[in-house]
Amino acid sequence: MNFVARRTVRTLLRPAQAGAFAPMSTMPAAKPQPEFSSGPCKKRPGWSTDVYKSAPTGRSHRSKIGKAKLQEAIEETRRILNIPADYRIAVVPASDTGAIEMAMWSM
């Protein structure tokens, strides 16, 4: 929201009685942390938007690079979690509910 819009909103929300609340008259002294992330955590130290330079954003999971990224994720999951070779790993485009339903249907 730009300065004019903020000022207009403050004016519209100003109560009839003076002193009912103090509108913000100045901008905060400190800027927000650049490491801000969704959730209650910050991004790791050293994180940079450079990670997106070679990311295949906007590409289908059916594209050559999309399939390669999924295969890499499956192999890394198997390696990191020590999952036996005869176990299957699925990348599910759903919430936890979708993943649980998929697991139940496979029983």
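My numbering numbers the first residue of the sequence shown as 1 and each following residue consecutively.
Built from N, CA and C at the ideal position, the CB exists for glycine as well.
{"Asked": "In angstroms with no decimal places, state the Cα-to-Cα distance between K82 and T57.", "Found": "It is Asn, not Lys, that sits at residue 82 in the sequence shown. So the alpha carbons of these two residues sit roughly 29 angstroms apart."}
{"Asked": "Residues in its own chain within less than 6 angstroms of I100 by CB, not counting five upstream and five downstream?", "Found": "none"}
{"Asked": "According to DSSP, is W105 part of a helix, a strand, or is it coil?", "Found": "helix"}
{"Asked": "Output the distance between the C-alpha atoms of V91 and Q71, rounded to the nearest integer angstrom.", "Found": "10 angstroms"}
{"Asked": "Tell me whether R78 sits in a helix, a strand or coil according to DSSP, three-state version.", "Found": "helix"}
{"Asked": "Could you pull out every residue in the same chain whose Cβ sits closer than 8 angstroms to the Cβ of R59, ignoring the five residues on either side in sequence?", "Found": "I65 and G66"}
{"Asked": "Give me, in chain order, the residues of the same chain whose beta-carbon lies closer than 7 angstroms to that of M102; leave out the 5 immediate sequence neighbours on both sides.", "Found": "A90 and V92"}
{"Asked": "Determine the direct distance from the alpha carbon of I74 to that of H61, and round the result to whole angstroms.", "Found": "13 angstroms"}
{"Asked": "Alpha carbon to alpha carbon, how far is P28 from R10? Give it in angstroms, no decimals.", "Found": "Any reading at R10 must be qualified, since the residue scores a pLDDT of 49, below 50, and its modelled position is unreliable; the value itself is stated next. So the alpha carbons of these two residues sit roughly 16 angstroms apart."}
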